[in-house]
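A.B. asks: Counted the way the working numbering counts, the sequence shown spans residues 2 to 98.
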Amino acid sequence: MKQKQFDVLPIAIEKLREKPRIRVSTESSPAQKTSIKILIEISSELSEKLKDQSYALRMPQPQVAVLALEEFCNNNPVEPRPESEKNKKKTGRKRKS
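(1) So, is Val9 buried or exposed, given that buried needs 16 or more other C-beta atoms within 10 angstroms?
(2) Which two residues bound the contiguous alpha helix (DSSP H) that contains Gln4?
(3) Provide the residue span of the alpha helix (DSSP H) that contains Val9, from first to last.
(4) With DSSP run on the structure shown, which of helix, strand or coil describes Pro63?
(5) Straight-line CA distance for Lys90 to Leu70?
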């Protein structure tokens, strides 16, 4: 049986120590504080149109959807909700007492 000999190279610890560590910020940006996340269901035909627009504009699909919503809201103005409706208690999960 042959014995194989391997040369063990020293580990370059200096190179490992020089790498900057990536820090993830837990603070949210101002844009995140003033925005909300919405989940919607759309038809497959509308989804395909959204994908086509996204490809043509070279933009991500969520950004194209936001632009379309902004354009729709700007072109179709409506009266704002009354203050009593705006100040209603937010709906959500009921907490256990």
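For glycine and all other residues, C-beta sits at the position ideal for the given N, C-alpha and C.
C.D. replies: Considering the structure as presented:
(1) exposed
(2) Looking at the DSSP string, Gln4 is not in any alpha helix (DSSP H), and its letter there is neither H nor E.
(3) Run containing Val9: none; DSSP gives neither H nor E here.
(4) helix
(5) 26 Å
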